[in-house]
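Numbering-wise (our numbering), the sequence shown opens with residue 89 and increments by one. Glycine included, C-beta positions come from ideal geometry on N, C-alpha and C. Single-structure report; data block below.
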Amino acid sequence: MLIKKNCVVTSQFELFDKAGELIDSSAQGGPLEYLHGAGELLPKLEAALDGCEPGARLTVELGVDDAFGEHDPSLVEAVPRENFPGVEVIEPGMRFETQMDDGSPMLVVVTEVSPDSVTVDGNHELAGRDLRFELEVIDVRAATTEEVAHGHVHSHGECEH
Ligand code: ZN
């Protein structure tokens, strides 16, 4: 079966940055499984997979603009230490959910800690990086009607709708 809209695709992958450093892989977190055509993947990555069949191997190179965009310095902010009540230890690399000025949630990562302030970065962790995906398609199946309606894969049974 070829990958087309409303297929569930399972793929092994390795993700590298421009320097060839391994960022993530299916060996670490399990295969990538997604609903094709639902916008779950970066558009160029999804487009490259379109029409592939199980066993296909492909390399997809994405420049910053096709990946997660440039690193935006305005999303890096030093906030007072007392903005983290109840958190005893704050260290670089910790993640928090915070609220933007408009009230929408934003995930930030701590990049620096001083005695009275904490620097957080709201950029996507892959912002500003060129990416290279090495993929091997393992399985392609038609999505169920329910999966299509929900816009995501149900094979792990964790759906709560
Ligand atoms: Zn669902």
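Is residue i near ligand 3, judged by its Cβ being under 8 Å from some heavy atom?
i	result
H124	This structure lacks ligand 3; its bound ligands are ligand 1.
Just to check my reading of the structure: residue i and residue j have Cβ atoms closer than 8 Å, yes? What is that Cβ distance to the nearest angstrom?
i	j	result
V177	V97	That pair is no contact at about 40 Å.
V241	Y122	6 Å
V196	E213	At roughly 10 Å, the Cβ-Cβ gap does not stay under 8 Å, so V196 and E213 are not in contact.
L130	D154	7 Å
C140	A231	Going by Cβ atoms, the distance from C140 to A231 rounds to 16 Å, so no, they are not a contact pair.
A126	G239	5 Å
To the nearest angstrom, how far is it from the Cα of residue i to the Cα of residue j?
i	j	result
K132	H124	12 Å
G118	A237	25 Å
G210	E222	27 Å
L103	V167	32 Å
V175	F156	30 Å
E179	S243	36 Å
S113	S99	11 Å
T186	H249	26 Å
A135	L120	16 Å
E128	G143	21 Å
T199	G181	6 Å
I91	E235	16 Å
Report yes if the CB atom of residue i is closer than 9 Å to the CB atom of residue j, and no otherwise.
i	j	result
D105	R220	yes
V152	R217	yes
E170	V208	no
A215	E158	yes
**OP:** Starting from the N-terminal end, write out each residue whose C-beta falls within a distance shorter than 6 Å of any non-hydrogen atom of ligand 1.
**Re:** H238, H240, H242, C247, H249
Subject >> Any beta strand (DSSP E) of 3 or more consecutive residues that is wholly inside the region 156-243 >> reply: 164-168, 183-187, 193-201, 205-209, 219-230
Original post:
Can you give, in chain order, each stretch of the alpha helix (DSSP H) that sits fully within the region 99-162 and has at least 4 residues?
Top reply: 114-117, 131-137
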